[in-house]
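Visitor: For the protein sequence lines, the chains are L and Y, in the order given. Heads up, the first sequence is in this note's numbering, so the first residue is 20 and it goes up one at a time. Heads up, the second sequence is in this note's numbering, so the first residue is 27 and it goes up one at a time. Can you read through this structure? Questions will come right after.
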Amino acid sequence: MLREEELKTFVEGTTNYFEVAAQQPATIGSPYLTEGAPSVHDYTGVISISGKREGVVYFTAPRAMLTVLLMKMQENDFSHETMRDLVGEVANTISGNARRDFGRDFVISVPSVLAGEKPEISQKPGQRSFIIPINWRSHSAKLIVSLT
Amino acid sequence: MNVAGADRNRRLVTAGAGTALALVMGLALLAGFRLATQIRSSITELQTASELQTYPSVLTQQLTALRQRLETREYTGQAHEELAGTVARFKHDLRRLARRSDMQSPQLRDAQRMWQAYSPLLAPILAFSGEPYVDTDSGSSLSDSGKMYYRNVRQAQLLAKQNVGRLHRLLTAVTRSLETQTSGAAARLRLLLSGGVLAALALAAAAAYLQLTRARHERAAREAQEQTRDILKTVREGFFLLDADYKIGSVWSEALAHIFGRNDFAGLSFEKLLEDRVPPTTLATAVKYIKLLWGDRAHENLMKSINPLGQLEISADNGRGGKETRYLQFDFHRVVGAKGVKHVLCSVSDITSNVLLARELQEAQENANAQVDMMVGMMHVDPLQLGSFLDTTETGLQLINAILKEPARTDGEFRKKLGGLFRELHSIKGEASALNLMSIAQRVHHLEDMVSELKKRAELSGNDFLPMVLKLDELLAHLRGVREMATRLTALKDAPAAAAPAAATRQKPSPAERPAGRTGEDISPTLRALAEKLAKDHRKAFKLMLSGLAEVPAPYVATVKDCLIQMLRNSAVHGIEASATRRAQAKADVGAVRVDFRRAGEGYELVFEDDGAGISPQVLKDAALRKNIITAEEAAAMDTRTAMALIFRPGFSTQEEVTMDAGRGVGMDVVARTVYGLGGKIGVSTNPGRFTRFKIVLPAAEAASSAVA
């Protein structure tokens, strides 16, 4: 069973990124559970985890949110590639946070980025994921933690 | 005597002997120096005495030569001068020899006496300064003074001749005496020097022994130091000493640095060591405990039993820039010296892996126990009922998840969720308790606790809901386990009918199993099981009499069941009195709870009645005041009917303590809300000390469907 501190590590990794990169903290919406493949936004950063826990952690955000985030970061390039890089960077921060807190117990992959398409993750039947809405300004992204 | 004492004594003896030898050597050298000085002086005097020996014959010769010259009228000046010089030297040397204090030779005294007798004869000779000759025609002749001079010379020469032998012998004897003295002194000097050399050798030997002993001790000390260092380097526990000021000493084991991630322990206070790593209250307790250890009357074994740091949870750096929780075990031993407690030896072990392992084992044990309990509980539950319960519960949990899923950003939005979550959870818990499925009931109770805690917080955010969603996930996983277990149990119980699907799975009962096809499941067994459990849990004795429940139409089964479960729990907790109380009030020992469901006109009527303590409007008002549901003015203005209606208010409970069955104030409001939701009505009547009666009127089932829609 996933522990509270483990879940918090992923959450803090995500909110810290907004605080540092955009100097504007993100807040957590009401967390809930979902069964089966979770729905994603336009851009999704994926980290695979093995070791003490097995599964994936996604950060998925709509294009509009990423655009505003880039603007806050004084970026002028709003291309598809920049969006991908940005989501990858968030996933990388989450991964770094997890490495720092969990150490050798978790084997964490290099983040990969998906645009638009649903991530093809092999989930056990009936496996639930934790969905944590990440609210920033008027936008909302999702942190999806799907670990067993 | 211990080894250290013997060692100290040996060193003292060696040092004493060394000092004595050095003193002896110093004295010998001092005496030798004095003797050497004396010998040197004796040698000089010996030389003088040797020279003195020659003077008598020289004087005789010089006087003879002077006489001859006077007789031959030759020049006498030089001879006179030589004589005067010899006399002066003789006098000088003799005086010098006589001045020696230790020179007590009788020969010297005799020689001195002889000289004293002789020297007056020489005095006029030496005093002569005139011309001894006078020239005449016949040649030179002695002048008058010359004649006198000649007579004196002749007299002195004659006396000298007579005494020369004796004086020589006397002076020779003096010389010999001096020689004897000098050789005696030389012999003593040799002896002293030999003694000094021996003392020096002994001193050198003592120094060598001391050096060897010291070298051996230093080697032993070095080896001991090296061994101590190896121990401190290798040992897995953190060791250090605390002084009377509760500060760490200058030596500690290497493990301590690994445990605390620092290396600057020397002089660090125990308080500082744990500061920022443990909560302030724990720190204060730990410091108090350390102070107690210094008390002379503290009993070590007793102190050990009250050690507050036996398992200390600390926050430590994980070496990757993050923090982690670690568990440390501190152990204390007093180091007692002659004057009381000298130090306190502290050992610190990192028992994180042990604690986690023990925790995992405990969890595994609890899970195993829970599974057994669950299995035993499930064996007593009708498979149909269990299946229905699992379906209902799963639906309820989905509803809870749906409430959580509702987007929320503000405190108000988050707070709005709490009421709905509470009601759903309470309903699930009631049914789980009724079926004696305690592992589920307890999990839901825990979730209820979480909601209660959140209600008390001043400001709510999404972070506050993270533990709840984790618990919800765990509950869903547990439900799945229960369902799987139920399937297996059913398969075991009904092996020949294995082809038929397990009742506890999502399969619904067949129409043939349902009475008349229009009514739902029979909820009587559930209520009887719940009544039995409540009676046992609350030590109450009551009889449950049910009628007409088999006639409850399917759409009302869940509602009627929820309502009855809640009312039955209320009766068991608040209504039915303990047997002794009942007896005192001339009531039957065993209480009675009656449930009657029947058709009434187009709809239905459910009556629930117990012969318990009834409800006192004043008690209700007092409880509502305590919980700030109403104000004092409202309470004063409230009539009995309005006061009775308080039991249907959200958050109302007359019980202060929250238990599995009552105290949260969620229950009758859920009943009322559900009844109103179905288009029904609920009423309560009571007679304090006699009875409480709830009457629920429900519309026809079709009407209820439209009301819900």
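The C-beta atom is built at its ideal place from N, Cα and C for all residues, glycine as well.
With respect to the alpha helix (DSSP H) encompassing N333 of chain Y, which residues constitute its N-terminal and C-terminal limits?
Guide: Here the question's residue 333 of chain Y lines up with position 307 in the second sequence. That residue, N333 of chain Y, is in no alpha helix (DSSP H); it is neither H nor E in DSSP.
Visitor: Please list the partners that I66 of chain L has in chain Y, where partner means a Cβ-to-Cβ separation under 9 angstroms.
Guide: Residue 66 of chain L sits at position 47 when you count from the first residue of the first sequence. The contacting residues do not exist; I66 of chain L stays about 17 angstroms from chain Y at best.
Visitor: Kindly say whether I163 of chain L, judged by its beta-carbon, lies nearer than 8 angstroms to any beta-carbon of chain Y.
Guide: Here residue 163 of chain L refers to the residue found at position 144 when the first sequence is read from its first residue. Answer no: the Cβ-Cβ gap between I163 of chain L and chain Y never drops below 8 angstroms.
Visitor: Check whether the stretch 112-123 of chain Y and the stretch 161-168 of chain Y touch, using three or more Cβ-Cβ pairs below 8 angstroms as the test.
Guide: Too few Cβ pairs lie closer than 8 angstroms, so no.
Visitor: Can you tell me whether V62 of chain L is helix, strand or coil according to DSSP?
Guide: One-based indexing of the first sequence puts residue 62 of chain L at position 43. It is worth fixing the name first, because residue 62 of chain L is Tyr in this sequence and not Val. Reduced to three states, the DSSP call for Y62 of chain L is strand.
Visitor: Confirm, please, whether the CB-CB distance from S453 of chain Y to G422 of chain Y is below 8 angstroms.
Guide: As a working mapping, residue 422 of chain Y is identified with position 396 in the second sequence. As a working mapping, residue 453 of chain Y is identified with position 427 in the second sequence. For G422 of chain Y and S453 of chain Y, yes; Cβs fall inside 8 angstroms.
Visitor: Would you verify that the beta carbon of G413 of chain Y is, or is not, closer than 8 angstroms to some beta carbon of chain L?
Guide: In the second sequence, residue 413 of chain Y corresponds to position 387, counting from 1. So, not an interface residue.
Visitor: Beta carbons nearer than 8 angstroms to chain Y: which residues of the stretch 67-89 of chain L have them?
Guide: Listed by position along the chain: nothing, the set is empty.
Visitor: Going by C-alpha to C-alpha distance, which of Y:K431, Y:H472 and Y:L335 sits closest to L451 of chain Y?
Guide: Sequence index remark: in the second sequence, residue 451 of chain Y carries index 425 (1-based). Nearest of Y:K431, Y:H472 and Y:L335 to L451 of chain Y, Cα basis: Y:H472.
Visitor: Going residue by residue through the stretch 241-271 of chain Y, where are the continuous beta strand (DSSP E) segments of at least 3 residues, counting only ones entirely within it?
Guide: Whole beta strand (DSSP E) segments, 3+ residues: 264-268.
Visitor: Give me the Cα-Cα distance between L89 of chain L and P81 of chain L, rounded to the nearest whole angstrom.
Guide: One-based indexing of the first sequence puts residue 89 of chain L at position 70. One-based indexing of the first sequence puts residue 81 of chain L at position 62. The straight-line gap from Cα to Cα measures roughly 13 angstroms.
Visitor: Anything in chain Y within Cβ reach of E108 of chain L, meaning under 8 angstroms, just list it in chain order.
Guide: As a position in the first sequence, residue 108 of chain L is number 89, starting the count at 1. Per Cβ cutoff of 8 angstroms: no residues; E108 of chain L is ~19 angstroms from chain Y at best.
Visitor: Hey, could you find the ends of the alpha helix (DSSP H) G445 of chain Y is sitting in?
Guide: Sequence index remark: in the second sequence, residue 445 of chain Y carries index 419 (1-based). G445 of chain Y -> alpha helix (DSSP H) spans D437 to A460.
Visitor: Cutting at 6 angstroms between CB atoms, please list the residues of its own chain near R180 of chain Y, excluding the five before and the five after it.
Guide: Translated into the one-based positions of the second sequence, residue 180 of chain Y becomes position 154. Once the five neighbours on either side are set aside, the close Cβ partners of R180 of chain Y are R93.
Visitor: Kindly say whether Y51 of chain L, judged by its beta-carbon, lies nearer than 8 angstroms to any beta-carbon of chain A.
Guide: Among the protein chains of the structure shown, namely L and Y, there is no chain A.
Visitor: One question on the structure: do S487 of chain Y and I127 of chain L come within less than 8 angstroms of each other, judged by their Cβ atoms?
Guide: For the purposes of this step, residue 487 of chain Y is identified with residue 461 of the second sequence, where counting begins at 1. For the purposes of this step, residue 127 of chain L is identified with residue 108 of the first sequence, where counting begins at 1. In this structure, I127 of chain L does not lie closer than 8 angstroms to S487 of chain Y by Cβ.
Visitor: Taking only beta-carbon atoms, is F491 of chain Y less than 8 angstroms away from chain L?
Guide: The sequence position of residue 491 of chain Y within the second sequence is 465, counting from 1. At least one chain L Cβ lies under 8 angstroms of F491 of chain Y.
Visitor: Once you ignore the five residues that flank V261 of chain Y on each side, which residues in its own chain have a CB closer than 7 angstroms to its CB?
Guide: As a position in the second sequence, residue 261 of chain Y is number 235, starting the count at 1. Excluding sequence neighbours, V261 of chain Y sits near S279 and A281.
Visitor: Using the beta-carbon of each residue, which ones in chain L are nearer than 8 angstroms to V508 of chain Y?
Guide: To locate residue 508 of chain Y, count along the second sequence from 1; it is residue 482. By Cβ distance, chain L contributes nothing, its closest Cβ being about 14 angstroms from V508 of chain Y, past 8 angstroms.
Visitor: Quick check on the burial criterion: 16 or more other C-beta atoms within 10 angstroms. Buried or exposed for D322 of chain Y?
Guide: On the second sequence, position 296 is the one that residue 322 of chain Y refers to. Label assigned to D322 of chain Y: exposed.
Visitor: Between G438 of chain Y and A614 of chain Y, what straight-line distance do the alpha-carbon atoms span, to the nearest angstrom?
Guide: To locate residue 438 of chain Y, count along the second sequence from 1; it is residue 412. To locate residue 614 of chain Y, count along the second sequence from 1; it is residue 588. Taking the straight line from one Cα to the other gives about 51 angstroms.
Visitor: Which same chain residues, not among the five before or five after A529 of chain Y, have their C-beta less than 7 angstroms away from its C-beta?
Guide: Along the second sequence, one-based indexing puts residue 529 of chain Y at 503. For A529 of chain Y, the predicted structure reports a pLDDT of 40, less than 50, and the residue's modelled location is therefore unreliable. A value from the coordinates is still provided. Here the set comprises P409, L410, G413 and T516.
Visitor: Anything in chain L within Cβ reach of F448 of chain Y, meaning under 8 angstroms, just list it in chain order.
Guide: The residue you call residue 448 of chain Y lines up with position 422 of the second sequence. Ordered by position in chain L, no residue passes the 8 angstroms Cβ test against F448 of chain Y, which lies about 16 angstroms from the chain.
Visitor: Of the choices Y:I285, Y:K187, Y:R248 and Y:I466, whose alpha-carbon is the least far from that of D343 of chain Y?
Guide: Taking the first residue of the second sequence as 1, we reach residue 343 of chain Y at position 317. Considering only alpha carbons, the answer is Y:I285.
Visitor: What is the C-beta distance between M593 of chain Y and A512 of chain Y, in whole angstroms, given that I count them as a contact (C-beta under 8 angstroms)?
Guide: Your numbering for residue 593 of chain Y matches position 567 in the second sequence. Your numbering for residue 512 of chain Y matches position 486 in the second sequence. That belief does not hold up - the Cβ atoms of M593 of chain Y and A512 of chain Y are roughly 28 angstroms apart, past 8 angstroms.
Visitor: Considering only residues of the stretch 94-156 of chain L, which uninterrupted alpha helix (DSSP H) runs meet the minimum length of 4 residues and lie entirely inside it, listed in chain order?
Guide: DSSP runs (the alpha helix (DSSP H)) wholly in the stretch 94-156 of chain L: 99-121.
Visitor: Quick one: residues in its chain with C-beta nearer than 8 angstroms to the C-beta of Y159 of chain Y, no 5 flanking neighbours on either side, listed in chain order?
Guide: As a position in the second sequence, residue 159 of chain Y is number 133, starting the count at 1. Excluding positions up to five away in sequence, the list reads R99, S166, S167, L168, S169 and G172.
Visitor: Secondary structure at A80 of chain L, three-state DSSP: helix, strand or coil?
Guide: Stepping through the first sequence from its first residue, residue 80 of chain L is reached at position 61. A80 of chain L: strand per DSSP, three-state reduction.
Visitor: Going along chain L in order, which residues have a C-beta closer than 9 angstroms to the C-beta of D499 of chain Y?
Guide: Numbered from 1 along the second sequence, position 473 holds the residue referred to as residue 499 of chain Y. Neighbours of D499 of chain Y on chain L, chain order: M20, L21, L52, R147 and F149.
Visitor: Quick check on V200 of chain Y: does DSSP put it in helix, strand or coil?
Guide: In the second sequence, residue 200 of chain Y corresponds to position 174, counting from 1. Note: V200 of chain Y maps to helix in three-state DSSP.
Visitor: Identify the continuous beta strand (DSSP E) that holds M22 of chain Y and give its terminal residues.
Guide: A query on residue 22 of chain Y cannot be resolved here, the shown segment of chain Y reaching from 27 to 735 and no further.
Visitor: On a CA-only basis, which of Y:F415, Y:F356 and Y:L572 is nearest V508 of chain Y? Give me that one, please.
Guide: Locating residue 508 of chain Y in the second sequence gives position 482, counting from the first residue. When each option's Cα is compared against that of V508 of chain Y, the closest is Y:F415.
Visitor: So with Cβ pairs under 8 angstroms, would you call I47 of chain L a contact of chain Y?
Guide: Working through the first sequence from its first residue, we reach residue 47 of chain L at position 28. Answer yes: the Cβ-Cβ gap between I47 of chain L and chain Y drops below 8 angstroms somewhere.
Visitor: If you compare alpha carbons, which of Y:L553, Y:R608 and Y:Q397 is closest to R514 of chain Y?
Guide: Here residue 514 of chain Y refers to the residue found at position 488 of the second sequence. Among Y:L553, Y:R608 and Y:Q397, the Cα nearest to that of R514 of chain Y is on Y:Q397.
Visitor: How about V132 of chain L and G64 of chain L: do their beta carbons lie closer than 8 angstroms?
Guide: Here residue 132 of chain L refers to the residue found at position 113 of the first sequence. Here residue 64 of chain L refers to the residue found at position 45 of the first sequence. Yes, the pair counts as a contact, with Cβ atoms nearer than the cut-off.
Visitor: Figure out for me which residue from Y:R195, Y:V200 and Y:A149 has the closest Cα to the Cα of N178 of chain Y.
Guide: Start at 1 with the first residue of the second sequence, and residue 178 of chain Y comes out as number 152. Comparing Cα positions, the closest option is Y:A149.
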